[in-house]
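Going line by line, the protein sequences match chains S and E.
Take 41 as the starting number for the first sequence in the numbering used here and just add one per residue.
Take 10 as the starting number for the second sequence in the numbering used here and just add one per residue.
Note that the Cβ used here is the ideal one computed from N, Cα and C, for glycine as well.
Below: the structure, in structure tokens.
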Amino acid sequence: AQSVTQLDSHVSVSEGTPVLLRCNYSSSYSPSLFWYVQHPNKGLQLLLKYTSAATLVKGINGFEAEFKKSETSFHLTKPSAHMSDAAEYFCVVRGGTGNQFYFGTGTSLTVIP
Amino acid sequence: EADIYQTPRYLVIGTGKKITLECSQTMGHDKMYWYQQDPGMELHLIHYSYGVNSTEKGDLSSESTVSRIRTEHFPLTLESARPSHTSQYLCASSHRRGGGTGELFFGEGSRLTVL
């Protein structure tokens, strides 16, 4: 069975400091993993994806994530937070019977000036 | 920029009215989805489709219905809107596993308010 756990519902960082948003997954198969960002009153935008190539994945806006199979984790990081990074972030796994998408509950990122 | 469009973006309507939320994509994707999302909350899958004439119910029970008569079009209908239907509805599409890059492409969402 597939599932996704986002370990923090809210994260608050100061502008210019690193960002870490944590995601653990459970998958019976080799999964595809994604991070999406959602700004208020908008749809979800893909930040980055892992599809069994390089384990360190670089995305848009300076974000990156590392796939760690031994830890079943796919944490999202950014070296220096910007005010425009304030948004909701969703970790998503695709896999299993029917190759469906499974969403985490989201992490709300606040960036303090 | 993803080519998936939702209309209307915002809709305020009275109880008992029939509404249709439109969703169209120009990417030729076979799989399409509707998600329901309350403010600040997680997404819940309410309907999906593998292709033309295919529709399935998702994980969250919904009084809405969908149709898939054309590949590019996946409208969602509420026959009689109620205040409990107030929410944001997000449409998405994807390739099947064997083709494309595997991610979901989302529309901008339709925010429905039922008075």
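Our two residues, Val21 (chain E) and Phe141 (chain S), have alpha carbons roughly 30 Å apart in a direct line. Between Ser89 (chain E) and Pro17 (chain E), the alpha-carbon positions lie close to 17 Å from each other. Interface annotation, Lys89 (chain S): in contact with chain E, CB-CB separation under 8 Å. With its beta carbon less than 8 Å from one in chain S, Phe115 (chain E) belongs to the interface. Taking CB atoms only, Ser52 (chain S) has no neighbour in chain E less than 8 Å away.
Contact with chain E is absent for Lys98 (chain S), since none of that chain's Cβ atoms lies less than 8 Å from the residue's Cβ. The DSSP-derived three-state label of Asn81 (chain S) is coil. Annotation for Ser148 (chain S): the continuous beta strand (DSSP E) segment containing it runs Thr147 to Ile152. Taking a C-beta distance under 8 Å as the contact criterion, Gly23 (chain E) and Leu124 (chain E) qualify as a contact pair.
Counting every other CB atom within 10 Å of its CB across the protein chains shown gives Gly135 (chain S) a total of 16 or more, marking it as buried. Within chain S, the residues Phe74, Leu86 and Lys89 have their CB atoms less than 7 Å from the CB of Glu112 (chain E), given in chain order. Look at Ile78 (chain E) here: in three-state DSSP terms it is coil, with no helix or strand label. Per the C-alpha coordinates, the member of E:Thr80, E:His38 and E:Glu51 positioned closest to Gly144 (chain S) is E:Glu51. For a Cβ distance threshold of 9 Å, residue set Asn81 of chain S lies close to Arg120 (chain E), ordered along the chain.
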